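Going by the working numbering, the final residue of the sequence shown carries number 1014, and the count climbs one at a time with no gaps.
By construction, the Cβ of each residue, glycine as well, lies at the ideal position given by its N, Cα and C atoms.
Please read all numbers here as calculations on a predicted model, not as lab measurements.
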Amino acid sequence: FYISLEDNLMRLFGSDRITGFMERMGLQEGEVLEHPLLNKSIETAQRRVEQQNFMMRKRTLEYDDVMNAQRTEIYGFRSEVLTSENPREQLYQSVEQAIYGKAQNVVSSKDKNAVHEFLVWVNTTFPLGLRMEDLPAEKTADTLTDFVFDRVKEAYELKAGMEHPESLVRLERMLILQAIDEHWQEYLRNMDSLREGVGLQGYGQRDPLVEYKREAYTLFMDLMDRIYSEISASLFRSATSLDAMKNFFSSLRNLQTGHASVSALAAATEQAGATAPRPQPQRRPQGMPPGMRPVGAPPPGMELPEAPKPAVPVVRKGEKVGRNDPCPCGSGRKYKKCCGSE
């Protein structure tokens, strides 16, 4: 191939001494350059160009590896929903993750109104009608999550019993896929903007790649939270038919009334047990037929509970295991899906 000492290859990567040396040798304009020193200079320039291109490709691959890991996570989640015969499992997992994320904010927050804000979010997202006194006394992330998720699951099972089974499966799958696709597209646009501007971090003596990975992780965790929240918000706002939705809300009132009665009865019983003496069990008089009860005796199934025993503190033998950590039994599953579910 032909090359000139004025080409960008030689001008940027070659030696400036080559031009001066050739002029001192008396070479004329347009004359063929065949000196061995010139060949060595060209090889050096080509090697530098190849090294620069290699570093550019390597840097591009390092940036793409960040997106590839997140892309694998999202596509795996989406593929699991598409191929699953029962997408309700993924639906429940997403709802549980959304509740757990909000519960963690309550535990880690120093705001006195954090529990109230959590309760407002729960009642806004799910038609449960919970009150502050309904929440468990021990307000940890696990207890709040288990309590709210059990109520949500109970209400949704009631709703699912009034839907057409085949149509409900398609509806559940559509709710998850729609949330993933909508927020994933927005996430890709945010990542493009981050990639374009992250190079400016070099002016602040920061590695742009490190800053890119850190910001990408934050954006991805926010993406998953928004996906879980979107799925949770759509859970009770969609139905296969209008009649199914009407029947569900009609039955939901009875469910909420039952929960409220149980909570009020439990609170009244606890207060009575703390102030009143323990009642003596009434015996059925001799000769009274079975099924009859003395006057003033409580109906069957409504006997007053025994006085609560003093609580014994639990002594933990090993380190605390988080609900999303690998189970210490070695099964490879999450603790909440293995030994933690007992």
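Among the options, which has the Cα closest to the Cα of residue i?
i: TYR764; options: SER904, GLN723, TRP856; result: SER904
i: GLU902; options: GLU838, GLU734, VAL767, GLN724; result: VAL767
i: GLN857; options: LEU802, THR755, TYR747; result: TYR747
i: MET893; options: GLN769, THR732, GLU734, ALA717; result: GLN769
i: LEU860; options: GLY869, LYS918, MET739, ARG845; result: MET739
i: GLN850; options: SER906, LEU914, VAL993, SER780; result: SER906
i: MET846; options: ALA717, GLN873, THR912, ASP897; result: THR912
i: GLU868; options: TYR735, LEU914, ARG696; result: TYR735
Apart from the five residues just before and just after residue i, which ones in its own chain have a Cβ nearer than 8 angstroms to its Cβ?
i: LEU866; result: TYR884, GLU887, ALA888, LEU891
i: PRO998; result: GLY1004, ARG1005, LYS1006, TYR1007
i: PHE790; result: LYS774, ALA775, ASN777, VAL778, LEU816
i: ALA827; result: PHE798, PRO799, LEU800, PHE908, LEU924, LEU927
i: HIS788; result: MET804
i: TRP793; result: LYS774
i: PRO949; result: Legend: pLDDT at PRO949 = 42, less than 50; position of this residue unreliable, value from coordinates given subsequently. Cβ within range, chain order: n/a, list empty.
I believe residue i touches residue j by the beta-carbon criterion, under 8 angstroms. Please report the beta-carbon distance rounded to the nearest angstrom.
i: PRO759; j: ILE899; result: That pair is no contact at about 14 angstroms.
i: ASN777; j: ALA786; result: 7 angstroms
i: MET834; j: ALA916; result: 5 angstroms
i: LEU830; j: SER910; result: Not confirmed; about 15 angstroms, so no contact.
How would you label residue i, buried or exposed, when you count the other beta carbons within 10 angstroms and need 16 or more for buried?
i: MET743; result: The question names Met, yet the displayed sequence has Arg at residue 743. When all chains shown are included, ARG743 counts as exposed.
i: SER713; result: buried
i: ARG719; result: exposed
i: PHE821; result: buried
i: VAL824; result: buried
i: ASP737; result: exposed
i: TYR875; result: exposed
i: LEU754; result: exposed
i: LEU802; result: buried
i: ALA741; result: exposed
i: ASP783; result: exposed
i: SER1013; result: exposed
i: THR947; result: Caution is warranted here: a pLDDT of 43 is assigned to THR947, below 50, making its placement in the model unreliable, and no coordinate value can be reported.
i: VAL967; result: Residue confidence is low: VAL967 scores 40 on pLDDT, short of 50, so the model does not pin down where it sits. Its coordinate-derived value is still stated next. It is exposed - the Cβ of VAL967 has fewer than 16 other Cβ atoms within 10 Å.
Leaving out five residues before and five after residue i in sequence, what residues of the same chain have Cβ atoms less than 6 angstroms from its Cβ?
i: PHE819; result: PRO808
i: GLY871; result: PRO880
i: ARG750; result: ILE852
i: LYS730; result: none
i: PHE920; result: LYS831, MET834
Measure the Cβ-Cβ separation of residue i and residue j and say whether it is below 8 angstroms.
i: ARG995; j: ASP864; result: no
i: THR817; j: TYR772; result: yes
i: LEU895; j: HIS855; result: yes
What residues in its chain sit with their C-beta under 7 angstroms from that of residue i, if we drop five residues either side in the sequence?
i: ALA832; result: LEU840
i: SER756; result: GLN762
i: CYS1010; result: CYS999, CYS1001, SER1003
i: ASN862; result: LEU891
i: GLU752; result: GLN762
i: GLN873; result: PRO880, GLU883
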